[in-house]
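Novice:
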């Protein structure tokens, strides 16, 4: 039960952070491209990689810390559903090349 609460707390933190990044990206870059979701997905994947390398190479994190960070914080921070929705919105808005670019940058 404690692990579920730890993951939930991490998810709350990650979700609030994602919302903050999205608001900042919209404010500074506008709405023509989903920079907020792209940023959180790239940064989140990078940070998950760092955490897993710390687990594998140095065993520095406890199970609770690992779950808090990877499943909770980074799981709440990154979002595949927003990525899919924003790609579809770009395509429907008559920007298929921009949508394709978004997919390529996100996947690569």
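Residue numbers (this note's numbering): 10 to 117.
Positions of the beta carbon are idealized from the N, C-alpha and C atoms, including for glycine.
From a predicted model like this one, the values you see are computed outputs, not experimental measurements.
#1: Ordered along the chain, which non-local residues of its own chain (more than five positions away) have a Cβ less than 6 Å from that of residue 81?
#2: Closer than 7 Å by C-beta to residue 57: which residues in its own chain qualify, once you throw out the five before and the five after it? Chain order, please.
#3: Which residue's Cα is closest to the Cα of residue 27: 63, 91, 77?
#4: Once you ignore the five residues that flank residue 53 on each side, which residues in its own chain have a CB closer than 7 Å to its CB?
#5: Starting from the C-beta of residue 60, find all residues in its chain whose C-beta is less than 8 Å away, skip the five residues before and the five after it, and write them out in chain order.
#6: Can you tell me where the alpha helix (DSSP H) with residue 42 in it begins and where it stops?
Specialist: Put simply:
#1: Along the chain shown, read from residue 1 onward, the residue named residue 81 stands at position 72. Hits under 6 Å: 16, 19, 20.
#2: Stepping through the chain shown from its first residue, residue 57 is reached at position 48. The residues are 79, 83.
#3: For the purposes of this step, residue 27 is taken as the residue at position 18 of the chain shown. Closest option to residue 27, Cα to Cα, is 91.
#4: The sequence position of residue 53 within the chain shown is 44, counting from 1. Same-chain partners within the cutoff: 83, 86, 87.
#5: Reading the chain shown from its first residue, position 51 is the one you call residue 60. For residue 60, where only same-chain residues beyond five positions count, the Cβ hits under 8 Å are 70, 75, 78, 79, 83.
#6: Start at 1 with the first residue of the chain shown, and residue 42 comes out as number 33. Premise fails: residue 42 is in no alpha helix (DSSP H) and is neither H nor E.
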